[in-house]
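Chemist: Here the sequence shown is numbered in our numbering, starting from 336 and rising by one per residue.
Backbone N, C-alpha and C fix where the C-beta goes; we use that ideal spot for every residue, glycine too.
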Amino acid sequence: MLRYLPFLLVLALWIYAFVDCLNTPEEEVRHLPKVVWVIVILLFGEVLVGPVAWLITGRTRPVNGPTPAQRRHGTAAGWVAPDDNPEFLKSLEKRDKKDDPKNND
Numbered sequence: 336m337l338r339y340l341p342f343l344l345v346l347a348l349w350i351y352a353f354v355d356c357l358n359t360p361e362e363e364v365r366h367l368p369k370v371v372w373v374i375v376i377l378l379f380g381e382v383l384v385g386p387v388a389w390l391i392t393g394r395t396r397p398v399n400g401p402t403p404a405q406r407r408h409g410t411a412a413g414w415v416a417p418d419d420n421p422e423f424l425k426s427l428e429k430r431d432k433k434d435d436p437k438n439n440d
């Protein structure tokens, strides 16, 4: 089983670099067009040249900026779950009062 580990690590790096390249916005790609980076990653992935080149030089990385997880949470900060949204809860209370037969005196 241990003899398959290097192959699995290379495959994991290959897949990670490929998906990272596909998910990177075009304006954040450096040195080559995005399509060329995808081809380089796919052609030279087995010898690690393509994925390592992508991870080192292909994408701009913010030095002191937010991490991808922080960016993801920052964009979703405007959305609030319905059970935490006071306006939604008030609308439910109004609907319950309107539909409650005890209040129809």
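#1: Distance, Cα to Cα, Val384 vs Asp355?
#2: Are Leu390 and Ala347 close, meaning C-beta to C-beta below 8 Å?
#3: Please report the Cβ distance between Pro395 and Glu363, rounded to the nearest whole angstrom; I am assuming they are in contact, meaning their Cβ atoms lie under 8 Å.
#4: Could you tell me the alpha carbon to alpha carbon distance between Leu343 and Val387, rounded to whole angstroms?
#5: Quick check on the burial criterion: 16 or more other C-beta atoms within 10 angstroms. Buried or exposed for Val375?
Modeler: The structure says:
#1: 16 Å
#2: no
#3: Sequence check: residue 395 is Thr here, not Pro. So it is a contact: roughly 5 Å between Cβ atoms.
#4: 16 Å
#5: buried
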